[in-house]
Every structure is written in structure tokens, then in C-alpha cells.
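Down below is the structure, laid out as C-alpha cells.
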Amino acid sequence: MNNDLLLRAAAVAGERVRLDVLRQVAGLPPNDFLDALDALVRAGALVVTAGEAWFADESVRRDAEARLPLTARSDLHRRTAEAVDAPTEAQRHWSAAVAVTPDARERARLQLELAQAAVKAGDLSAAHVAAQAAVRAARNEQDLDLLADAAVALEPIGQSVWDGDIHQWCTEALAASSHSTETRVRLLARQAQAAVYLGRWSEALTASRAALSEAVDIPDDDLLVEALTARQLATSGPDDVEELTAAARRMIELGTSTGRAEIELRGRLWQVDALWYSGDLAAIGGETGRLASCAGRVNGPHGRWHVLLTQASLALARAEFEDAEALLDEALAVFRSIGHPATHGAEVAFRMLLGHHRGHSAELLGSAIWQFGTDARWDLAARLNRAFVLVDAGRLEEAAALYQRCGDPESWPSWRAGELLLHTIGARVAAAVGATADVRRFRDWLEPHRGRYVVAGAGATNFLGPVELVLGACAAALNECDAAVADLQKAGALCRSIGVPGFAVEAACLLAEVYEQSGDVAQARALTAETLPLAKTLGMTPWVQRLTTPTGPLSQREREVADLVAKGLSNREIAAALVISERTAQNHVQHILTKLGFANRAQVAAWVSKG
Numbered sequence: 001m002n003n004d005l006l007l008r009a010a011a012v013a014g015e016r017v018r019l020d021v022l023r024q025v026a027g028l029p030p031n032d033f034l035d036a037l038d039a040l041v042r043a044g045a046l047v048v049t050a051g052e053a054w055f056a057d058e059s060v061r062r063d064a065e066a067r068l069p070l071t072a073r074s075d076l077h078r079r080t081a082e083a084v085d086a087p088t089e090a091q092r093h094w095s096a097a098v099a100v101t102p103d104a105r106e107r108a109r110l111q112l113e114l115a116q117a118a119v120k121a122g123d124l125s126a127a128h129v130a131a132q133a134a135v136r137a138a139r140n141e142q143d144l145d146l147l148a149d150a151a152v153a154l155e156p157i158g159q160s161v162w163d164g165d166i167h168q169w170c171t172e173a174l175a176a177s178s179h180s181t182e183t184r185v186r187l188l189a190r191q192a193q194a195a196v197y198l199g200r201w202s203e204a205l206t207a208s209r210a211a212l213s214e215a216v217d218i219p220d221d222d223l224l225v226e227a228l229t230a231r232q233l234a235t236s237g238p239d240d241v242e243e244l245t246a247a248a249r250r251m252i253e254l255g256t257s258t259g260r261a262e263i264e265l266r267g268r269l270w271q272v273d274a275l276w277y278s279g280d281l282a283a284i285g286g287e288t289g290r291l292a293s294c295a296g297r298v299n300g301p302h303g304r305w306h307v308l309l310t311q312a313s314l315a316l317a318r319a320e321f322e323d324a325e326a327l328l329d330e331a332l333a334v335f336r337s338i339g340h341p342a343t344h345g346a347e348v349a350f351r352m353l354l355g356h357h358r359g360h361s362a363e364l365l366g367s368a369i370w371q372f373g374t375d376a377r378w379d380l381a382a383r384l385n386r387a388f389v390l391v392d393a394g395r396l397e398e399a400a401a402l403y404q405r406c407g408d409p410e411s412w413p414s415w416r417a418g419e420l421l422l423h424t425i426g427a428r429v430a431a432a433v434g435a436t437a438d439v440r441r442f443r444d445w446l447e448p449h450r451g452r453y454v455v456a457g458a459g460a461t462n463f464l465g466p467v468e469l470v471l472g473a474c475a476a477a478l479n480e481c482d483a484a485v486a487d488l489q490k491a492g493a494l495c496r497s498i499g500v501p502g503f504a505v506e507a508a509c510l511l512a513e514v515y516e517q518s519g520d521v522a523q524a525r526a527l528t529a530e531t532l533p534l535a536k537t538l539g540m541t542p543w544v545q546r547l548t549t550p551t552g553p554l555s556q557r558e559r560e561v562a563d564l565v566a567k568g569l570s571n572r573e574i575a576a577a578l579v580i581s582e583r584t585a586q587n588h589v590q591h592i593l594t595k596l597g598f599a600n601r602a603q604v605a606a607w608v609s610k611g
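For the record, in the sequence shown the residue sitting at position 47 is 47 according to UniProt numbering, with numbers rising by one throughout.
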């Protein structure tokens, strides 16, 4: 009997099977397993070598599998899927078990196992199809427990249909009042996670708060992990650093105490998020080794992706541009291999920051790369970030038009993890295109975060230097020279202290421009001479050009307005020509008169004519 059981298990396992897997599937005691294996080898049915077994004749294996009853075949495929290590093998066996299981509820349960195995194997399409099939079965059978399990089987990934399905399934399951507290926590946590990826920030905050408040009273580590993960995604803003640090510490403790590397990995990523806000690049560098250790113990590509992206972001912040780009390419290859939808957004965001210091590619200056389909998180960001790129390239008219399409900043979505980055990019664009009222608003929003560094939390790892850098740019745009000098000097000192030389160059360049515009030409020239060698060494071509091009008392945008004033255009005509509001044009003209010490437009025209 043992011989037959072992033969059936080997037939279902496939062409080759490891002996330890075969024994686990057969469920035989060690001695019985070895006796049965010896008998099959002596009979010529199996061949054993190097810890593996296979059929001497593949046709015999196929016949043996085909003769199995469907129930037995399904059970053996399930047991094999649970025993194998390779995600692709597990997926194959779960799929085979689904195919030979007639009972709808049992088949749906197997489909959920298949969905999770397919995610680990990188087959996201198969995972989605399997989860959808399980949900359909739950609805047909009116099985609320099955629906709840199906709703939390997958995690959001940044693809609108996938994430929308998860959100809908959780909402549908939560409508039932019969669930246990544990099930309710799982559903709330997953609903909050999906809401973040769908851009439903307020809902994410509410659901994650509810999930965590209930999870802390339940002695279940898995529930706490789910609730903490939801809360981390929904918050992770500059005001959440203490909460984030505590959550990271708890996750690391849970991961190390249970030997679950995937939990420890999450905790260490959250710790890195908190360290970015404080600009502690040395500590982030120390964490990358621990991240790599965790990633090496986690199945699937996601751990490796996070390690590479963290290393790339750290290299970029330190102006190690070639290393950063190489690490990014390696990370993108990992996610492209599984068709992960986050790949495109991560690449565009990273290359935007790289181009900010090294110069933007023609592709990034074009429009095609900024198409993100139905991903709600990029609805505003695609326009605003492209405007930022165009400002860097000096294409202010196009940038102004895109900025106008972003609408009133008061109406922008408020994702706490992206708060600093969104307001910083908005401020830099508004300053460049002369939207002074918006500059004041952005400055007011950023002011409470002095001492922090501009990043996007929740694992995004986008870094734009200290908050003082953007505050200095705002003050310069508002012609508040003393405030601009103070903030930019502070920004430069912070950049030097934490080791981000690219941003130190940027701060010095902006400061030199403020000196020149305020009439302190000697100070401007001295700072330029001091900064230029570093900018050249780092290969910061756009900033080298700015440092070697005298700005005069007017900003680039103000010079454009002055040229139009000299041509006799009215404020309304200037606004139309530059695609800005008439009020903004009026503000520009007033700033020009103030900076040049003139009383009327005729004096501006005469000044322009003198070159």
C-alpha cells in the first residue's frame, strides 16, 4: 500500500521531485518512506540520484496520474503545492488542483491559494483571475466567509482595476454584520490599503485608524501586521515620524522574534522612511545591509526591488549619479520581469529627480512618458511634475500652462506621505511661473516643517533636500531677499552636514542669484567661484550653466515680462502671451519696478533697450 501511495505522489509531483518533498506529500514515516522508495527503485519504476526521484519511463508517470480519481489527484496536487519551495512550482500545482476539483466552494478556496502563489511567482495576471473567480463563487454560493477571505487574498499594487476590485470586495464584505472582529480588522486594513492606491486619502485614514484601534486589543500578530501596514500607507507624513518609528520598531521585533523575514523587511523599510525625513543618510546606509539580509530570505522579487531602490535613492541623494542610474536600471529589470504596474511611475519619478541635477532627457520633456492611464495617484502628479521638469529646462510658458491645469492648490488631494514633495514641487513651479499668491500658500504650508527633509514617505524615497531650500526659493520669488539669504544659507549648511553635495550646489546657486538680484554682485561672484568647481566635478550641467550665466537683478520670468513691457503690451496682453493670470502679470510688473527702482513702464522699456 505504501508503494502505491508513493508512486501516486511521485506521478503527481511531475517529471522530477526532491525526496524531502516526496516524503512530505506521501505523509509516510521516514523508515516506511525509504522502504517503499527502495521497492519502487528495485522494480524499475523510479530512478533516484542526488536527492531526487523520477520515473524511468515518463509515459508510465502520465498513465499513473491519469488513473487517479479526481479527488485523490486534487489532494496530491494541494499537498505538493504546500511542500515545494519554488513559487512557480507551487502555482502549477495549485492550478492543477483547481482544475480537478468539482465542488464550487472547495475550488474557490484553492483559487485563493493559487492567487497568492501566483503573486509570489510574479504572475500577476493569473493571480487576479484566480481571485476574481473565487469572488464569483462566493457571491454565487452566498458565502460571506469566503467573500471576506477572497477580499484580503491580494494586496494592492498600484493598478487601478486590481486595486479597485480589492476595494470593492472589502466594501462588499464589510457590509455584512456577521463577521468576527478579527475578520473585520483584516477587511478594514485591506480596504485602507486599497484606498491609498486609489487616491481616496480620507477614507484610508479613517479605515486604517479603525483597523489599528481594534487590532491592538487582539492577541494576533498577523492582524497587527495588517493593521500597522494599512496605517503606515495612510500616514507616513512629516508629522507622523514618531508614530512611524514606533510602528517600524514593532514590526522589526515581530519579524525577528518569529523568524518572518517579510515582516522584518517591512519594518526596516519604514525605519528608512523615518530616517529620510531626518536626513540621516549614514543610518540609511547602515539599514541597506539589513534590508538586503531580509530580502535574501523572502521569496519573490519584491524584497530585492526595495533594496535596490533604497540603494539607488541613497546614491542619488549623495550625487553619485552613475551608481544611482545603474541601481535604478537593475531595480526596474526586477519589476519589469513580472510586469509590475508600479515600474513606470517609479522610473519617471526617479529620472525626474536625476534630471533635476544632471539635465532632463528629451523623453522626460515630452508628453508621452507622462501617461499613466487610470492610476489616480498620478492624476495631478503627472501635470505638476512635468511642469517641474519644464521649469528646469527653462520652458516656462509650457510649464505655466501645465500648472494652470493643476487647479487651485487648496483643492489638491492631501496624501500625508506625499505632502512635503507635492508642496515643494508646487512651490518651485509657482515661483518660476510667477504665481506669487500660490508661492505664499506653499510657504505657509511648508514653514512648520523646518528641520525636515523633503521626501515622499510610504516607501517612495524621493528626496529633494532640506525644507529650508524650498523656503529660500519661495522667499526669493517673493523678493524677500533677507529671508531668502537666511534660508538658503541654512539649506547649504544642512546639505553639507549630511553629505548631499548636489543639493549644496543648488542652494549655493540660488543664493548667488539672490545676492546678484539684491545688488551684492561681489558676494554673488565669490560664491559662484567657490561653487562652480564642485558643480563641474559632479557633472551638474544645468547648474554649471546657471552659475556661469549672470542673472542680473531680474529673475528669468521677470526678464520675459520686462521684454513684453518694452514692446508696449498691457498686463492683460502679457498674461495672454505667457499663459498666466492678469493678476500674476500685474505682480510681475510691480516686482520689476521695485527691483529696478523705477516709477513707470517707460523706464522699464528704456532699461531693456540698453540691454
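The beta carbon of each residue, even a glycine, is placed where N, CA and C say it ideally should be.
Keep in mind it's a predicted model, so treat the numbers as computed, not measured.
At the C-beta level, Gln232 and Leu224 stay beyond 9 Å of one another. Taking a cut-off of 8 Å on C-beta distances, the segment 340 to 352 touches the segment 379 to 394, as three or more cross pairs fall below it. For Asn2, the uninterrupted alpha helix (DSSP H) segment begins and ends at 2 to 13. If you ignore the 5 residues before and after Leu70, its C-beta comes within less than 6 Å of the C-beta of Val100, all in its own chain and listed in chain order. In its chain, beyond the 5 residues on either side, no residue has a beta carbon closer than 6 Å to the beta carbon of Thr258. Between the C-alpha atoms of Leu380 and Lys490 there is a straight-line separation of about 31 Å. The shortest C-alpha to C-alpha distance from Ala432 to any of Arg559, Ser74, Gly457, Ser293 is the one to Arg559. Between Leu494 and Glu468, the C-beta spacing is below 9 Å.
No beta strand (DSSP E) of 3 residues or more sits fully in the segment 348 to 402. The alpha-carbon of Gln111 is positioned some 8 Å away from that of Ser95. Pairing Val135 with Asp163 gives a Cβ-Cβ distance that is not under 9 Å. Using a 10 angstroms sphere on the CB of Arg416, the tally of other CB atoms reaches 16 or more, which defines it as buried. The Cβ neighbour count for Ser74, taken over all protein chains shown within 10 Å, is at least 16; the residue is labelled buried.
Apart from the 5 residues on each side of it in sequence, Gly300 sits with its Cβ closer than 6 Å to the Cβ of Lys120 in its chain, given in chain order. Secondary structure note for Glu52: its beta strand (DSSP E) is the uninterrupted segment 52 to 55. Ranked by how close their Cα comes to the Cα of Phe598, the residues Pro553, Asp85, Arg557 have Pro553 in first place. The distance from the Cβ of Leu308 to that of Glu322 is about 15 Å, inconsistent with a contact at the 8 Å cut-off.
Listed in chain order, the non-local C-beta contacts of Leu332 below 7 Å within the same chain comprise Thr343, Glu347, local neighbours out to five positions each way being set aside. Counting the other CB atoms within 10 Å of its CB gives Arg268 a total of 16 or more, which places it among the buried residues. DSSP, read as helix, strand or coil, puts Phe335 in helix. Straight across, the Cα-Cα distance linking Val561 with Gly237 is about 38 Å. In this structure, Arg318 lies away from Gly158, with their beta-carbon atoms at least 9 Å apart. Nearest C-alpha to Val152 among Val161, Pro413, Ile338, Leu187: Leu187.
Per the C-alpha coordinates, the member of Arg139, Thr181, Gln116 positioned closest to Pro156 is Gln116.
Here Pro219 carries a coil assignment [DSSP, helix/strand/coil]. Of the other Cβ atoms in all chains shown, fewer than 16 fall within 10 Å of the Cβ of Asn31; this residue is therefore exposed. Rounded to whole angstroms, the separation of the alpha carbons of Val17 and Gly51 is 9 Å.
Sequence-distant Cβ neighbours of Gln271 in its own chain, meaning closer than 8 Å and more than five residues away, are Thr245, Ala248, Arg249, Ile252, Glu287. Around the beta carbon of Val216, fewer than 16 other beta carbons lie within 10 angstroms, which makes this residue exposed. Distance from the Cα of Gly539 is smallest, within the candidate group Asn2, Glu214, Glu320, Ala486, for Glu320. By the C-beta density criterion, Thr541 is exposed, having fewer than 16 other C-beta atoms within 10 angstroms. Put simply, the segment 43 to 63 does not touch the segment 72 to 89. Fewer than three CB pairs are less than 8 Å apart. CA-CA distance, Ala362 to Ile574, rounds to 29 Å.
Remark: C-beta atoms of Phe463 and Leu275 do not approach each other more closely than 9 Å.
Taking Glu419 as the centre and dropping the five residues before and after it, the same chain places the C-beta of Gly237, Pro238 closer than 7 Å to its C-beta, in chain order.
Counted as a single uninterrupted DSSP element, the stretch harbouring Ala153 is not any beta strand (DSSP E), since DSSP gives it neither H nor E.
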